[in-house]
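These notes concern the structure reproduced below.
Here is the structure:
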């Protein structure tokens with residue numbers, strides 16, 4: 003178990019993870035000591051490992067919403083392209099919106115998940131500084147959403163299901179973005195995804211940042227990974243407006259109920275994809291495996307439905323989203 | 002990034018608690034700033050921010066909240082808008098039974114969403130930020146939705162989504178032209194991701210209306226921002242805007258903060274959007290009724 007800590011960059015450790023990493027280091031130190039000196043520390047190592055696992059379990063069971071947001075943004079968390087590499091076999095990337103440019107914050111292409119041929123569309127933030135700049139930190143411009151729509155229409159034409167992987171702080175708030183109509187691009191995707199004649203599965207793998215996430219997030223089934231979040235505004239943004247200081251982000255995260263179990267309870271998402279103990283960044287392969295299984299299983303169910311049924315169900319699901327109170331005394 | 006609620010900070014928040022209690026921008030004389038509130042009875046006089054002339058409030062209101070001197074368009078309340086657009090007495094309100102809930106039991110800094118809603122209801126006399134119903138415009142029957150900028154800055158929550166979806170379905174069923182008047186600070190934070198979902202919900206309803214061949218006219222008024230713009234506001238078959246209306250996804254301040262530069266003159270104004278190809282026509286308030294009627298005659302009559 004503790005081995006999975008070896009690839010965790012201690013510099014990137016989240017504050018609440020420090021005791022976990024310290025324990026893991028103790029284990030590792032003892033192990034190397036054992037090899038070096040030939041002395042038997044087996045008992046101590048076993049004990050420490052048990053401690054490590056139970057601490058990890060306890061910490062992750064008790065994650066606050068804000069801590070969950072930090073996990074969702076963890077620098078070593080698997081990103082869109084990582085999941086494509088793990089889950090989508092024989093991936094054929096396709097580029098450009100045929101209007102303006104190729105937005106590198108959104109990756110799209112054909113591939114196989116399990117035995118199923120799919121069109122996969124994923125937001126990708128980039129790993130190192132150079133790639134982050136190239137990908138605009140995963141904040142798409144309008145052309146990203148238009149590329150996504152073009153690829154979805156292509157999928158519809160060949161009745162291939164669409165899989166979208168969502169991970170963005172939001173659509174890019176810049177001059178070019180507004181000039182080229184980012185609002186229109188997102189709006190159009192919402193409308194067209196709601197009536198696309200092929201199954202759509204959407205999974206929030208990291209950050210589900212408001213309209214920028216929703217722009218590729220209307221589907222038959224929407225899932226969120228266990229420590230991903232989905233929100234109408236970033237906790238920092240909400241805090242700076244309502245609390246008048248960005249420092250209250252933790253409270254804003256708490257208030258907005260943006261974590262997976264709550265999202266499911268509220269009907270914002272349909273499913274939760276389980277992550278490995280201690281989050282996807284501790285064991286990306288296991289996270290990828292869980293995601294693959296979820297997609298395969300969901301597509302198998304959706305593929306059984308005749309198109310009209312599929313569309314009617316999708317409409318009914320989306321039509322039911324929201325919570326209102328029906329007042330008795332009012333006249334209709 | 003925070004486009005959805007971009008303008009809330011300047012409007013929704015300060016709206017309820019502080020200065021602007023009416024949709025008019027109240028301009029007091031600069032030497033007596035303390036008088037901007039209510040000691041002048043709702044302000045008999047006001048200064049036009051565009052031409053800076055002193056105006057008698059009543060003449061402005063009688064002129065559909067348009068400056069008689071320079072044609073500057075002031076904001077209207079939802080009720081005023083209904084009155085201005087519809088044939089007198091023809092608005093038949095529907096779906097008033099859909100009322101707000103507090104699904105997150107949202108509270109912040111000793112305030113609560115439930116209280117805030119109650120306050121807004123008291124202030125406006127509306128249950129929520131959207132008025133929906135049947136109406137006649139120059140004798141043409143339409144399904145009409147009017148966002149109320151005076152209710153929590155026309156922010157989009159579950160009620161808004163539900164009422165609009167019901168109206169769209171009603172328009173689909175009865176083959177009515179659909180008119181939606183937009184004014185909005187964006188999605189409502191206090192309902193979390195449920196507010197965000199209303200963008201998908203209303204867009205899905207519009208897809209079915211579109212499939213059924215309905216005419217949808219979106220009228221964008223000052224300001225239309227955030228999730229409202231990124232959903233039904235931008236999906237009109239025909240998109241109209243009032244002169245100089247601010248229309249965008251992210252609010253100008255968010256953009257300025259992100260790019261760390263000043264924004265070009267006229268950025269995100271109706272005229273700018275028309276130039277960039279996102280608005281069909283800019284229509285002065287006094288001509289809205291006849292333009293809408295003309296478009297209905299060309300398409301659905």
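Protein chains in written order, with this note's numbering: chain A, 3 to 334; chain B, 2 to 302. Note that the Cβ used here is the ideal one computed from N, Cα and C, for glycine as well.
In this structure, how does DSSP classify residue i when only helix, strand and coil are distinguished?
i	result
residue 296 of chain A	helix
residue 57 of chain B	strand
residue 143 of chain A	coil
residue 258 of chain A	helix
residue 128 of chain B	coil
residue 191 of chain B	helix
residue 117 of chain A	coil
residue 270 of chain B	strand
residue 62 of chain A	helix
residue 200 of chain A	coil
residue 225 of chain A	strand
residue 80 of chain A	coil
residue 264 of chain A	helix
residue 95 of chain A	strand
residue 235 of chain A	coil
residue 250 of chain A	helix
residue 15 of chain A	coil
residue 277 of chain A	coil
residue 263 of chain B	coil
residue 288 of chain B	helix
residue 290 of chain A	helix
residue 209 of chain A	strand
Kindly indicate if chain A contains any beta-carbon less than 8 Å away from that of residue i.
i	result
residue 285 of chain B	no
residue 55 of chain B	no
residue 255 of chain B	yes
residue 230 of chain B	yes
residue 108 of chain B	yes
residue 194 of chain B	yes
residue 160 of chain B	yes
residue 140 of chain B	no
residue 277 of chain B	yes
residue 58 of chain B	no
residue 101 of chain B	yes
residue 202 of chain B	yes
residue 154 of chain B	no
residue 224 of chain B	no
residue 270 of chain B	no
residue 251 of chain B	yes
Can you round the beta-carbon distance between residue i and residue j to whole angstroms, since I take them to be within the 8 Å contact cut?
i	j	result
residue 128 of chain B	residue 101 of chain B	7 Å
residue 211 of chain A	residue 172 of chain A	4 Å
residue 153 of chain B	residue 233 of chain B	In fact, because the Cβ distance is near 18 Å, the residues do not count as touching under 8 Å.
residue 219 of chain B	residue 181 of chain B	5 Å
residue 57 of chain A	residue 23 of chain A	The Cβ separation is near 10 Å, so there is no contact.
residue 86 of chain B	residue 236 of chain B	Not really, about 20 Å apart at Cβ, beyond 8 Å.
Shorter than 8 Å from the beta carbon of residue i to some beta carbon of chain B?
i	result
residue 260 of chain A	yes
residue 145 of chain A	no
residue 240 of chain A	yes
residue 326 of chain A	yes
residue 245 of chain A	yes
residue 274 of chain A	no
residue 207 of chain A	no
residue 323 of chain A	yes
residue 268 of chain A	yes
residue 201 of chain A	no
With 16 as the cutoff for other CB atoms within 10 Å, does residue i come out buried or exposed?
i	result
residue 246 of chain A	exposed
residue 94 of chain A	exposed
residue 229 of chain A	buried
residue 227 of chain B	buried
residue 303 of chain A	exposed
residue 160 of chain A	exposed
residue 45 of chain A	exposed
residue 291 of chain B	exposed
residue 290 of chain A	buried
residue 214 of chain A	buried
residue 237 of chain A	buried
residue 52 of chain B	exposed
residue 138 of chain A	buried
For chain C, find out if any of its Cβ atoms is closer than 8 Å to the Cβ of residue i; answer yes or no.
i	result
residue 199 of chain B	Structure shown: chain C not included; protein chains present are A and B.
Self-check item: Segments of 3+ residues assigned as beta strand (DSSP E) that fall wholly inside the region 86-132 of chain B
Solution: Whole beta strand (DSSP E) segments, 3+ residues: 99-101.
Exercise. Pick out the complete beta strand (DSSP E) segments inside the region 157-245 of chain B, 3 residues or longer, and give them in chain order.
Key: Listed in chain order, the complete beta strand (DSSP E) runs (minimum 3 residues) inside the region 157-245 of chain B are 179-185, 217-225, 239-242.
Quiz prompt | Ranges of the beta strand (DSSP E) found wholly within the region 123-202 of chain A, counting only runs of at least 3 | solution = Within the region 123-202 of chain A, the beta strand (DSSP E) runs of at least 3 residues that lie entirely inside it are, in chain order, 164-170.
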